[in-house]
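Visitor: As given, the protein sequences belong to chains A and B, one line each in that order.
Just so we're aligned, residue 0 is where the first sequence starts under numbering that gives the first Met the number 0, counting upward by one.
Just so we're aligned, residue 0 is where the second sequence starts under numbering that gives the first Met the number 0, counting upward by one.
Virtual Cβ for every residue (Gly too), placed ideally from N, Cα, C.
My questions will all concern the structure given below.
Number of protein chains: 2
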Amino acid sequence: MTTSDFLVQERQARIREKLAASGRVLAGDLAVEFSVSEDTIRRDLREMAAAGLCQRVYGGALAPIPPTAPFMERVTDQPERKRALARAAARSIEPAMLVFLDASSTNLAIAEEISASFGVTVATNAPRIATALMESVDVILIGGMVDRRVGGAVGGKASSDAGLLRPDLCILGACGVDAEAGITAFQLEDAEFKRMIARRSRAVMTTATVKKLGTAAPYDVIGIAECERLVVEHDADGEAIRDIVALGVEIIRADKI
Amino acid sequence: MTTSDFLVQERQARIREKLAASGRVLAGDLAVEFSVSEDTIRRDLREMAAAGLCQRVYGGALAPIPPTAPFMERVTDQPERKRALARAAARSIEPAMLVFLDASSTNLAIAEEISASFGVTVATNAPRIATALMESVDVILIGGMVDRRVGGAVGGKASSDAGLLRPDLCILGACGVDAEAGITAFQLEDAEFKRMIARRSRAVMTTATVKKLGTAAPYDVIGIAECERLVVEHDADGEAIRDIVALGVEIIRADKI
DNA sequence: AATCATGCACGTTGATGCACGTTTATGCAT
DNA sequence: ATGCATAAACGTGCATCAACGTGCATGATT
Chain A
0 MTTSDFLVQE RQARIREKLA ASGRVLAGDL AVEFSVSEDT IRRDLREMAA AGLCQRVYGG
60 ALAPIPPTAP FMERVTDQPE RKRALARAAA RSIEPAMLVF LDASSTNLAI AEEISASFGV
120 TVATNAPRIA TALMESVDVI LIGGMVDRRV GGAVGGKASS DAGLLRPDLC ILGACGVDAE
180 AGITAFQLED AEFKRMIARR SRAVMTTATV KKLGTAAPYD VIGIAECERL VVEHDADGEA
240 IRDIVALGVE IIRADKI
Chain B
0 MTTSDFLVQE RQARIREKLA ASGRVLAGDL AVEFSVSEDT IRRDLREMAA AGLCQRVYGG
60 ALAPIPPTAP FMERVTDQPE RKRALARAAA RSIEPAMLVF LDASSTNLAI AEEISASFGV
120 TVATNAPRIA TALMESVDVI LIGGMVDRRV GGAVGGKASS DAGLLRPDLC ILGACGVDAE
180 AGITAFQLED AEFKRMIARR SRAVMTTATV KKLGTAAPYD VIGIAECERL VVEHDADGEA
240 IRDIVALGVE IIRADKI
């Protein structure tokens, strides 16, 4: 094995601690600290980035943006991955549909894939998504109190508004996607809202970065089997989605970035 | 690597924070601050501009402007004048108020003057205004069908939503302001919406660039006497506002640009 | 034997500062 | 207001060096 005192997993756990503490790590520093080559550190960081545990940058790595960060912050996290997911998801949108996009950073990326030629109506509780779409397609805004962490209107008024709609397709933002736990969220009111609109929709689709697969956030939204389609990244681990497939959920893989 | 303490992405993230905070950055200052050459900063800014994260200008960069479109076209029309009006208007906003900002480009400028320290709740039918405010203050979103020319939700659903509110202060976007014609708008549904929310508010204030004074758009909103305050530019012609003053409307002049 | 973790070699890529001709903004004179 | 000179800022091309990822060999472990 190595002359270093650390097993791979230990080393990576330490790196994660450092990322959590200072927000960034330098490859050179880590190599010295762990008494390994920079090659090894780079492999670690690459592997961690592939698992969504850091952002790989020239010279080292940056902390991933926490999934509980406010919407406008989450939007800046892993944009290329979200764009790839968004492109794949947008292919499920057909002309004349009423599509619902709830407040999620990947849904903003999907909104940015929707042009006037889609010929759809989009309903959303997220002001940012409405802004992205209103010049291109018809937009129905869900009113109510805006929760800045969620990035959209949730709560009684928003649910009342959304309760007037029956979307053809609901594209659901998910904080966690797991065969057993289903689709989950970090905020209670967000989870309530998502569940309500999903159950009013003819079809439900969700998207998940590698980081979210096999994870569960604190609040249940819906079971995974209530979701017709799951869009995953091109390199999502087959193991992670095997049980989801077994529940009859159609898997769509995004293109390689 | 670099002799600087910052990874590229960190540097650009800081630049984005500065743009968000002050609306502009100077290349020379950034080079000193980050201990890199101005060449490097210029490359950063060029790259960020290409990604839509800033506007590249001689000497530095400005905060990005969203895509051009009807509402957004109005936003980019005479921004300095609107900012001056916005600053003057914002001084009428007091802590704990429920303020209503309908969809207007000057109201977006006003939204951008409102920080968390205002301690207010803002209700709006404009997604772009909600997006600008949701990180700073409590935002109540008015739902309904978004009219892209208006830049906000109007019509039956929006009126129904707004009908639940009684704002302390309604800041009304005006397309025309005239002693005889009063406050007028270019779209019928927009005029209906404005009238409804103005009449539910304790106080109404409006703003007018020199261009709008003494003009009338096709659809009546309210009479000028129903408006307590009118914010005009520092150089607004006394002749143009004389009759408005005679109707008991308080005039506030914006600062010189 | 197969697998995993590691370091090495090497060609490629990325970030940076320098040089330099071009462009822009500014101040001054008319 | 216009024209001119000047200095600062600009973008392009280039050289340099560090960082990068890939392929491979090696040693340790199962």
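(1) Hey, is residue 44(B)'s beta-carbon within less than 8 Å of any beta-carbon in chain A?
(2) Nearest by alpha-carbon distance to residue 8(A): which of 37(A), 42(A), 230(A), 23(A) is it?
(3) Within the chosen definition, does the segment 89 to 104 of chain B reach the segment 148 to 161 of chain B through at least 3 CB pairs nearer than 8 Å?
(4) Please give the ranges of any beta strand (DSSP E) in the segment 120 to 160 of chain B, keeping only runs that are unbroken, at least 3 residues long and fully inside the region.
(5) Look at residue 26(B) and residue 14(B) and say whether their C-beta atoms are less than 8 Å apart.
(6) Which residues in the same chain as residue 210(B) place their Cβ atom closer than 7 Å to its Cβ, once the five residues preceding and following it in sequence are excluded?
(7) Of all the CB atoms in chain A, is at least one closer than 8 Å to the CB of residue 167(B)?
(8) Can you give me the C-alpha to C-alpha distance between residue 215(B) and residue 189(B), rounded to a whole angstrom?
(9) Taking only beta carbons into account, state which residues of the segment 27 to 43 of chain B come closer than 9 Å to chain A, listed in chain order.
(10) Alpha carbon to alpha carbon, how far is residue 5(A) from residue 11(A)?
(11) Among residues of its own chain, excluding the 5 on either side of residue 168(A), which ones have a beta-carbon nearer than 6 Å to its beta-carbon?
(12) Do residue 145(B) and residue 140(A) have their beta-carbon atoms positioned less than 8 Å apart in this structure?
(13) Return the residues of the segment 104 to 129 of chain B that lie within a Cβ-Cβ distance of less than 7 Å from chain A, sorted by chain order.
(14) Here's the rule I'm using: 16 or more other beta-carbon atoms within 10 Å means buried, otherwise exposed. How should residue 1(A) be labelled?
(15) At the 8 Å Cβ level, is residue 8(B) part of the contact set with chain A, yes or no?
(16) In angstroms, rounded to a whole number, what distance separates the CA positions of residue 193(B) and residue 83(B)?
(17) Do residue 135(B) and the ligand ADP come close, with the Cβ less than 7 Å from some heavy atom?
(18) Give a yes or no on whether 8 Å exceeds the smallest Cβ distance from residue 152(B) to chain A.
(19) Please report how far the alpha carbon of residue 54(B) lies from the alpha carbon of residue 47(B), in whole angstroms.
(20) Can you check whether the C-beta of residue 145(B) is within less than 8 Å of a C-beta belonging to chain A?
(21) Excluding sequence positions up to five away, which residues of its chain have a Cβ less than 8 Å from the Cβ of residue 248(B)?
(22) Identify the continuous beta strand (DSSP E) that holds residue 59(B) and give its terminal residues.
(23) Would you tell me roughly how many angstroms separate the C-alpha atoms of residue 85(A) and residue 171(A), rounded to the nearest one?
(24) Nearest to residue 243(B) by CA position, among 176(B), 186(B), 200(B), 59(B), is which residue?
(25) Which residues, in order along the segment 235 to 246 of chain B, keep a beta-carbon less than 7 Å from a beta-carbon of chain A?
(26) Residue 39(A) by DSSP, collapsed to three states: which one?
(27) Output the boundary residues of the alpha helix (DSSP H) element that contains residue 189(A).
(28) Taking the straight line between their C-alpha atoms, what separation do you get for residue 30(B) and residue 23(B)?
(29) If we ignore side chains and look at the alpha-carbon of each, how far apart do residue 76(A) and residue 64(A) end up?
(30) When burial is assigned at 16 or more other CB atoms within 10 Å of the CB, is residue 67(B) buried or exposed?
(31) Chain B partners of residue 71(A), CB-CB under 7 Å?
Guide: According to the structure shown:
(1) Counting from 1 along the second sequence, the entry for residue 44(B) is found at position 45. Judged by the 8 Å Cβ criterion, residue 44(B) is not in contact with chain A.
(2) The residue given as residue 8(A) occupies position 9 in the first sequence. Answer by Cα proximity: 42(A).
(3) As far as the Cβ criterion goes, the segment 89 to 104 of chain B touches the segment 148 to 161 of chain B, which means the pair count is three or higher.
(4) Here the runs fully enclosed are 120 to 123, 137 to 140, 143 to 146.
(5) Residue 26(B) sits at position 27 when you count from the first residue of the second sequence. Residue 14(B) sits at position 15 when you count from the first residue of the second sequence. Not a contact, by the Cβ cut-off of 8 Å.
(6) Working through the second sequence from its first residue, we reach residue 210(B) at position 211. Result list for residue 210(B): empty, nothing under 7 Å.
(7) Counting from one through the second sequence, the residue named residue 167(B) turns up at place 168. Residue 167(B) does not count as touching chain A.
(8) Within the second sequence, residue 215(B) is the residue found at index 216, counting from 1. Within the second sequence, residue 189(B) is the residue found at index 190, counting from 1. Cα to Cα, residue 215(B) sits roughly 15 Å from residue 189(B).
(9) Per Cβ criterion, the list is empty.
(10) Counting from 1 along the first sequence, the entry for residue 5(A) is found at position 6. Counting from 1 along the first sequence, the entry for residue 11(A) is found at position 12. Approximately 9 Å, taken between the alpha carbons.
(11) By one-based count along the first sequence, residue 168(A) stands at place 169. Correct list, in chain order: 96, 98, 202.
(12) Sequence index remark: in the first sequence, residue 140(A) carries index 141 (1-based). Sequence index remark: in the second sequence, residue 145(B) carries index 146 (1-based). Yes, the pair counts as a contact, with Cβ atoms nearer than the cut-off.
(13) Answer in chain order: 126, 127, 129.
(14) Residue 1(A) sits at position 2 when you count from the first residue of the first sequence. Legend: pLDDT at residue 1(A) = 42, less than 50; position of this residue unreliable, no value from coordinates given.
(15) By 1-based counting over the second sequence, the position of residue 8(B) is 9. With respect to chain A, the C-beta atom of residue 8(B) has a partner C-beta closer than 8 Å.
(16) Sequence index remark: in the second sequence, residue 193(B) carries index 194 (1-based). Sequence index remark: in the second sequence, residue 83(B) carries index 84 (1-based). The alpha-carbon atoms of residue 193(B) and residue 83(B) are separated by roughly 23 Å.
(17) In the structure on display, the ligand ADP does not appear, and there are no ligands present to speak of.
(18) The sequence position of residue 152(B) within the second sequence is 153, counting from 1. Taking 8 Å as the threshold, the shortest C-beta distance from residue 152(B) to chain A falls below it.
(19) In the second sequence, counting from the first residue as 1, residue 54(B) sits at position 55. In the second sequence, counting from the first residue as 1, residue 47(B) sits at position 48. In a straight line, the C-alpha of residue 54(B) is about 8 Å away from that of residue 47(B).
(20) Here the question's residue 145(B) lines up with position 146 in the second sequence. Interface with chain A (8 Å Cβ-Cβ cutoff): residue 145(B) is included.
(21) The residue given as residue 248(B) occupies position 249 in the second sequence. Closer than 8 Å at Cβ, skipping near neighbours: 223, 224, 226, 227, 228, 229.
(22) In the second sequence, residue 59(B) corresponds to position 60, counting from 1. Per DSSP, the continuous beta strand (DSSP E) segment holding residue 59(B) begins and ends at 59 to 61.
(23) What you label residue 85(A) is simply residue 86 of the first sequence in a count that begins at 1. What you label residue 171(A) is simply residue 172 of the first sequence in a count that begins at 1. In this model, residue 85(A) and residue 171(A) are separated by some 12 Å (Cα to Cα).
(24) Residue mapping note: residue 243(B) aligns to position 244 of the second sequence, counting from 1. For residue 243(B), the closest alpha carbon among the candidates 176(B), 186(B), 200(B), 59(B) is that of 176(B).
(25) Correct list: empty, as no residue qualifies.
(26) In the first sequence, the residue the question calls residue 39(A) occupies position 40. Looking at residue 39(A) - three-state DSSP - the assignment turns out to be helix.
(27) Here residue 189(A) refers to the residue found at position 190 of the first sequence. Per DSSP, the unbroken alpha helix (DSSP H) holding residue 189(A) starts and ends at 187 to 198.
(28) For the purposes of this step, residue 30(B) is identified with residue 31 of the second sequence, where counting begins at 1. For the purposes of this step, residue 23(B) is identified with residue 24 of the second sequence, where counting begins at 1. Spanning the two alpha carbons is a distance of roughly 15 Å.
(29) Within the first sequence, the letter at position 77 stands for residue 76(A). Within the first sequence, the letter at position 65 stands for residue 64(A). Taking the straight line from one Cα to the other gives about 6 Å.
(30) One-based indexing of the second sequence puts residue 67(B) at position 68. The predicted model places residue 67(B) with a pLDDT of 49, which falls under 50 and marks its position as unreliable; any figure quoted below should be read in that light. Exposed, because fewer than 16 other Cβ atoms sit within 10 Å of the Cβ of residue 67(B).
(31) For the purposes of this step, residue 71(A) is identified with residue 72 of the first sequence, where counting begins at 1. Residues of chain B whose Cβ lies closer than 7 Å to the Cβ of residue 71(A) are, in chain order, 134.
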